[in-house]
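What follows is one structure encoded as structure tokens, with my remarks underneath.
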Amino acid sequence: MTEPTPAPADDQEAPAMTSDLHARYAKAEALLKHNLKKLITSPRVTANWIGETDSFWYRNETGDRHAFVLVDAAAGTKRPAFDHDRLAEALAGVLGEKPDPKALPLADAEFRDGTVHVVVGRKEIAVSLDGYEATVVGEVRMDEATSPDGRWAVALREHNLWIRDITTGEERQLTTDGAEAYEYGVSTDAAAGRVLLEYLGLDTPPSVVWSPDSTRFVTHRLDQRELELMHLVRSVPLDGGRPKPMTYRYAVAGDEHIATSDFFVFDAATGTSVKARCAPVDASLVPAIDYGFVWWSEDQARVYWVSGDRGDHHVALHALDPDTGEVTVLAEERSDSQISLGPQQMDCNVRVLSNGDVLWWSQRSGWAHLYRYSTDGTVTTLTSGDWTVRHIVTVDEAARRVVFTAGGREPGSDPYLQQLCSVSLDGGQVTALTSDGLDHHAQPSPSGRFFVDVASRWDTPAVSVLRDRSGAVVLELERADATALYAAGWAPPERAVVKSADGETDLYCAIYRPHDFDPDRKYPVVEEIYPGPQISCAPLRFPLSGGPLTGAMFGAGGVFAALGFVAVVVDGRGSALRSKAFQDDARRSGDARFVDDHVSAVRQLAEARPWMDLDRVGIYGHSAGGYASTRAMLQEPDFYKVAVSSGGNHDNRINHAWWGEKYFGLKGDFDFDRQTNVALAGNLKGKLLLVHGEMDDNAVPHGTMRLVDALIKANKDFDLLILPNACHHMVPGAAYWNRRRWDYFVRHLMGETPPDYRIAEFPNPDFVLA
Numbered sequence: 001m002t003e004p005t006p007a008p009a010d011d012q013e014a015p016a017m018t019s020d021l022h023a024r025y026a027k028a029e030a031l032l033k034h035n036l037k038k039l040i041t042s043p044r045v046t047a048n049w050i051g052e053t054d055s056f057w058y059r060n061e062t063g064d065r066h067a068f069v070l071v072d073a074a075a076g077t078k079r080p081a082f083d084h085d086r087l088a089e090a091l092a093g094v095l096g097e098k099p100d101p102k103a104l105p106l107a108d109a110e111f112r113d114g115t116v117h118v119v120v121g122r123k124e125i126a127v128s129l130d131g132y133e134a135t136v137v138g139e140v141r142m143d144e145a146t147s148p149d150g151r152w153a154v155a156l157r158e159h160n161l162w163i164r165d166i167t168t169g170e171e172r173q174l175t176t177d178g179a180e181a182y183e184y185g186v187s188t189d190a191a192a193g194r195v196l197l198e199y200l201g202l203d204t205p206p207s208v209v210w211s212p213d214s215t216r217f218v219t220h221r222l223d224q225r226e227l228e229l230m231h232l233v234r235s236v237p238l239d240g241g242r243p244k245p246m247t248y249r250y251a252v253a254g255d256e257h258i259a260t261s262d263f264f265v266f267d268a269a270t271g272t273s274v275k276a277r278c279a280p281v282d283a284s285l286v287p288a289i290d291y292g293f294v295w296w297s298e299d300q301a302r303v304y305w306v307s308g309d310r311g312d313h314h315v316a317l318h319a320l321d322p323d324t325g326e327v328t329v330l331a332e333e334r335s336d337s338q339i340s341l342g343p344q345q346m347d348c349n350v351r352v353l354s355n356g357d358v359l360w361w362s363q364r365s366g367w368a369h370l371y372r373y374s375t376d377g378t379v380t381t382l383t384s385g386d387w388t389v390r391h392i393v394t395v396d397e398a399a400r401r402v403v404f405t406a407g408g409r410e411p412g413s414d415p416y417l418q419q420l421c422s423v424s425l426d427g428g429q430v431t432a433l434t435s436d437g438l439d440h441h442a443q444p445s446p447s448g449r450f451f452v453d454v455a456s457r458w459d460t461p462a463v464s465v466l467r468d469r470s471g472a473v474v475l476e477l478e479r480a481d482a483t484a485l486y487a488a489g490w491a492p493p494e495r496a497v498v499k500s501a502d503g504e505t506d507l508y509c510a511i512y513r514p515h516d517f518d519p520d521r522k523y524p525v526v527e528e529i530y531p532g533p534q535i536s537c538a539p540l541r542f543p544l545s546g547g548p549l550t551g552a553m554f555g556a557g558g559v560f561a562a563l564g565f566v567a568v569v570v571d572g573r574g575s576a577l578r579s580k581a582f583q584d585d586a587r588r589s590g591d592a593r594f595v596d597d598h599v600s601a602v603r604q605l606a607e608a609r610p611w612m613d614l615d616r617v618g619i620y621g622h623s624a625g626g627y628a629s630t631r632a633m634l635q636e637p638d639f640y641k642v643a644v645s646s647g648g649n650h651d652n653r654i655n656h657a658w659w660g661e662k663y664f665g666l667k668g669d670f671d672f673d674r675q676t677n678v679a680l681a682g683n684l685k686g687k688l689l690l691v692h693g694e695m696d697d698n699a700v701p702h703g704t705m706r707l708v709d710a711l712i713k714a715n716k717d718f719d720l721l722i723l724p725n726a727c728h729h730m731v732p733g734a735a736y737w738n739r740r741r742w743d744y745f746v747r748h749l750m751g752e753t754p755p756d757y758r759i760a761e762f763p764n765p766d767f768v769l770a
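Structure, rendered in structure tokens:
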């Protein structure tokens, strides 16, 4: 007769419960972003347009396999880009082994006159598409910016620019006056990602923009000489040995100086240069050329750039004559508040038409709309109303129409979902091109005649189609299949609308129910937070369906649902994609009033969902979300019981100048003392885990250490995890950090003992914030 198994002691976890938790951890790991590609086939089409043509190729992902597809937009056809089996055989001859034809390891592909040039590792290989003969044509140089025609390559050496004639191998030095902190073609120290690049062993090319005909390029000379220094210490150097200091230039909010840059145009053949004849351009964090805010006119007679002053209260479009250096301001805007030229960070909705008119995106009316600046000085309003223009897709100058995406234009629609629309360049009636309730993300061809449209929603897998500029569907490209994702237990979030804390404004939320959901149970609640103001966070698209920054910082709601939590995401006042007043609430409420919206939203959600346990509410976030999650714990200590805050800018007095000064105000206009978490350290009641990368050169760890110091002085218990060598992206250590985050909520919010579990190392830094 078998003896009964004794009951576990109070501090001993039952084997069945431990086994169940281990299974939940395994399910959660399967739903991390880098693993989702195994569960969704054809998640989206990313168009790689070929030169200036209306043809493109894309890689169609099918689980752990993929295929390359070639599309001729004008003909409305698609076909395999090449014979995958024959290409694999050809590559075997130069690689020494045959790659899997259904998973060719190609980092890039370029089609030229019956030949495809592919990149495998660091090798550029040319394969003829008639006889499939492969030839290694060179080594890919990650530190060079190559001209469109493949003849010239520009590199940076000892602060100066060099150019190489790829056909002859000849090298020439273009500049000799570059110096430390006053060099050509670089980004600011705070935005260069130096720590991550060093860890990955990667080089980056200098910041240049080539003219379409490959004869000239524009770059800048960045001046950081007056910036104060920031210091980090690498306690565990990658090559072993003693700790190593890293000192770099880093402007914080209120500093006297920020970086500036001067633009130069170089002639590739002669090496001569022309300097822009204007005052240096402010570069608070990311310079205009690195944001993609610098481009050539189609006739190459002008170089355009968009830049703002410190705090972005004045933003202007400039035209540079590359022959004389003369600079003309084509359009500009001034405001007491921050000015953006798109709904989210890195957007630039500005177009210069062939007649010199300028299309300009502005929130000047209180909502984001399009305006046309004529060369005679008149300004025409193209769109208006209590809704937002999101992105200019393409302009048909012959038909005098612009295609764009819009949010909230139709009564009763979700204001965050983008629909395709068009309007005359003279203004007037807006025409809806789509009204399907999906979020549309468009990728225009160089000519503007066609665009790839990826349409999805948080509960609808993506359909990728090719459209012409009228919006008509030319060809369906791919339809995502998420059968395996659903089989893994994933379920789409519920979209919900609540009111802001003052009862006046609609707030949109996402709610993920736990796997094996039982409405008669009570579940702990975990909120993920990013307060904005430059992005929104609640998911709009189906997993892996792409698009701009929305949701890119987090997207772990489904992961926490697999662990057994209710996961909640709230886009409160102060975030992007709504009215100007909605976003500027962050500026008016620098004392972190946003926390009130989040507490109110979770309470309202629970009123109709009794299975949400308001006695067990936790919160987490990264970067500004790291700040916000700790702020929530300190500001509402009786509501939020547990927080995990990673990479947080807990004290913006020691954080880079751009974010604080743009969205909250310049020194004298805003009191950053009100915003710091340090001042509220004495309020801590619950369980707080602070996490920071020791080598975070973006949101430096010193803000976290100031908070640690304040918590110690307040005699508060808390937990601290410092990741050696890790940058702002939590690399290295991303897998470990994720597991510790799971454990913290399981132990302190769920009340269970975490299993002995190890998450596999993340294969790609793109996914470290999953």
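Using the UniProt record's numbering, you'd call the opening residue of the sequence shown number 1 and step up by one each time. Quick reminder that beta carbons are idealized off the backbone N, C-alpha and C, glycines included.
Closer than 8 Å by C-beta to proline 212: which residues in its own chain qualify, once you throw out the five before and the five after it? Chain order, please.
Residue numbering aside, residue 212 sits at position 212 when the sequence shown is read from its first letter. Glu52, Pro148, Trp296, Glu298 and Gln300.
Does DSSP put residue 806 in a helix, in a strand, or in coil?
This structure cannot settle anything about residue 806, because the visible part of the chain is limited to 1 through 770.
Mark isoleucine 712 as exposed unless 16 or more other C-beta atoms lie within 10 angstroms of its C-beta, in which case mark it buried.
The residue given as residue 712 occupies position 712 in the sequence shown. Classification for isoleucine 712: exposed.
Could you pull the DSSP bridge partners for histidine 318 from this structure?
Numbered from 1 along the sequence shown, position 318 holds the residue referred to as residue 318. Answer is Trp305 and Val329.
Whose CA, out of Lys123, Pro543 and Asp453, lies closest to the CA of aspartate 459?
On the sequence shown, position 459 is the one that residue 459 refers to. Checking every option, the nearest Cα to that of aspartate 459 belongs to Pro543.
Under 7 Å Cβ to Cβ from alanine 30, same chain only, skipping five residues before and after it: list those, please.
Taking the sequence shown and counting its residues from 1, one reaches residue 30 at position 30. Contacts found: Ala488.
Hey, alanine 316 and glutamate 661: beta-carbon distance below 7 Å or not?
Here residue 316 corresponds to residue number 316 of the sequence shown, with the count starting at 1. Here residue 661 corresponds to residue number 661 of the sequence shown, with the count starting at 1. Not a contact, by the Cβ cut-off of 7 Å.
Nearest to aspartate 130 by alpha carbon, out of Ala90, Ala155, Arg164 and Arg400?
Here the question's residue 130 lines up with position 130 in the sequence shown. Nearest option by C-alpha distance: Ala90.
May I ask which residues mark the beginning and end of the alpha helix (DSSP H) holding threonine 704?
The residue labelled residue 704 in the question sits at position 704 within the sequence shown. Taken as a continuous stretch (DSSP letters only), the alpha helix (DSSP H) holding threonine 704 covers 702 to 713.
Could you spell out the range, first to last residue, of the beta strand (DSSP E) harbouring histidine 231?
Within the sequence shown, the letter at position 231 stands for residue 231. Its beta strand (DSSP E) spans residues 229 to 234.
In three-state terms, what does DSSP make of leucine 549?
Taking the first residue of the sequence shown as position 1, residue 549 is located at position 549. Residue confidence for leucine 549 is low, a pLDDT of 47 falling below 50, so the modelled location carries little weight; the figure read from the coordinates is stated next. Leucine 549: coil per DSSP, three-state reduction.
Which residue marks the beginning of the alpha helix (DSSP H) containing phenylalanine 745, and which one marks its end?
The residue given as residue 745 occupies position 745 in the sequence shown. Element bounds for phenylalanine 745: 734 to 745.
By the 10 Å Cβ neighbour count, where 16 or more other Cβ atoms means buried, how is valine 137 classified, buried or exposed?
Here residue 137 refers to the residue found at position 137 when the sequence shown is read from its first residue. Exposed, because fewer than 16 other Cβ atoms sit within 10 Å of the Cβ of valine 137.
Considering only their Cβ atoms, is the gap separating glutamate 61 from lysine 37 smaller than 7 Å?
Here the question's residue 37 lines up with position 37 in the sequence shown. Here the question's residue 61 lines up with position 61 in the sequence shown. Yes. Within cutoff.
Is the Cβ-Cβ distance between leucine 417 and leucine 433 less than 7 Å?
As a working note, residue 417 is residue 417 in the sequence shown. As a working note, residue 433 is residue 433 in the sequence shown. No, the pair does not count as a contact, with Cβ atoms beyond the cut-off.
What runs of the alpha helix (DSSP H), each 4 residues or longer, lie entirely inside the segment 266 to 296?
List check, alpha helix (DSSP H) in window: 288 to 291.
Scan the segment 550 to 615 and note each continuous alpha helix (DSSP H) run of 4 residues or more that stays entirely inside, going in chain order.
557 to 563, 580 to 588 and 594 to 607
When you compare only the Cα positions, how much space is there between alanine 643 and tyrosine 523?
Residue numbering aside, residue 643 sits at position 643 when the sequence shown is read from its first letter. Residue numbering aside, residue 523 sits at position 523 when the sequence shown is read from its first letter. Roughly 17 Å between the two C-alpha positions.
Closest to isoleucine 654 by CA distance: which of Val127, Leu721, Gly703 and Val691 is it?
Along the sequence shown, one-based indexing puts residue 654 at 654. Minimum Cα distance to isoleucine 654 is reached at Gly703.
Which whole-angstrom value describes the C-beta separation of proline 539 and valine 569, a residue pair presumed to lie in contact below a C-beta threshold of 8 Å?
To locate residue 539, count along the sequence shown from 1; it is residue 539. To locate residue 569, count along the sequence shown from 1; it is residue 569. Indeed, because the Cβ distance is near 7 Å, the residues count as touching under 8 Å.
I want to know whether the segment 316 to 335 touches the segment 223 to 238 - three or more CB-CB distances under 8 Å.
Not touching, per the Cβ criterion.
Under the DSSP definition of a beta bridge, which residues are partnered with tryptophan 57?
Here the question's residue 57 lines up with position 57 in the sequence shown. Paired residue(s): Asn48 and Leu70.
Would the beta-carbon of alanine 191 fall within 7 Å of that of valine 286?
Walking along the sequence shown from the start, residue 191 turns up at place 191. Walking along the sequence shown from the start, residue 286 turns up at place 286. In contact: alanine 191 and valine 286 (Cβ atoms closer than 7 Å).
Report the rounded CA-to-CA distance for tyrosine 757 versus aspartate 309, giving the unit in angstroms.
What you label residue 757 is simply residue 757 of the sequence shown in a count that begins at 1. What you label residue 309 is simply residue 309 of the sequence shown in a count that begins at 1. A straight line joining the alpha-carbon of tyrosine 757 with that of aspartate 309 spans about 50 Å.
Take the Cβ of alanine 760 as the centre, count every other Cβ of all protein chains shown within 10 Å, and call the residue buried at 16 or more, exposed below.
Indexing the sequence shown from 1 puts residue 760 at position 760. By the neighbour-count criterion, in which a residue is buried when 16 or more other Cβ atoms sit within 10 angstroms of its Cβ, alanine 760 is exposed.
To which residues does DSSP link leucine 370 through a beta bridge?
Translated into the one-based positions of the sequence shown, residue 370 becomes position 370. Per DSSP, Trp361.
Just mark threonine 550 as buried or exposed, buried being the case when its beta carbon has 16 or more other beta carbons within 10 Å.
Residue 550 sits at position 550 when you count from the first residue of the sequence shown. Per-residue confidence for threonine 550 stands at a pLDDT of 44, beneath the threshold of 50, marking its modelled position as unreliable; no derived number is given.
In whole angstroms, what separates the C-alpha of glycine 201 from that of arginine 194?
Numbered from 1 along the sequence shown, position 201 holds the residue referred to as residue 201. Numbered from 1 along the sequence shown, position 194 holds the residue referred to as residue 194. Distance between the alpha carbons of glycine 201 and arginine 194: 10 Å.
Got a sec? Which residues, its chain only, sit under 7 Å from tyrosine 58 by beta carbon, not counting five neighbours each side?
Residue numbering aside, residue 58 sits at position 58 when the sequence shown is read from its first letter. Val45, Thr46, Ala47, Asn48 and Val69.
Taking DSSP's pairing of strands, which residues face cysteine 421 in a bridge?
Position 421 of the sequence shown, counted from the start, is the residue given in the question as residue 421. According to DSSP, which records beta bridges pairwise, cysteine 421 is partnered with Phe404 and Ala432.
For the beta strand (DSSP E) that leucine 689 lies in, which residues bound it at each end?
Here residue 689 corresponds to residue number 689 of the sequence shown, with the count starting at 1. Residues 687 to 693.
Per DSSP, what kind of secondary structure is tryptophan 387 in: helix, strand or coil?
In the sequence shown, the residue the question calls residue 387 occupies position 387. In this structure, tryptophan 387 counts as coil in the three-state DSSP scheme.
Does DSSP put isoleucine 125 in a helix, in a strand, or in coil?
On the sequence shown, position 125 is the one that residue 125 refers to. Correct three-state label for isoleucine 125: strand.
Going by beta carbon distance, what residues of the same chain come within less than 6 Å of aspartate 85, once the five residues before and after it are set aside?
Locating residue 85 in the sequence shown gives position 85, counting from the first residue. Cβ within range, chain order: Pro101.
Could you pull the DSSP bridge partners for cysteine 727 from this structure?
Against the sequence shown, residue 727 aligns to sequence position 727. None; cysteine 727 has no bridge partner.
Can you have a look at aspartate 597 and say buried or exposed, based on whether 16 or more other CB atoms are within 10 angstroms of its CB?
Taking the first residue of the sequence shown as 1, we reach residue 597 at position 597. So aspartate 597 ends up on the buried side.
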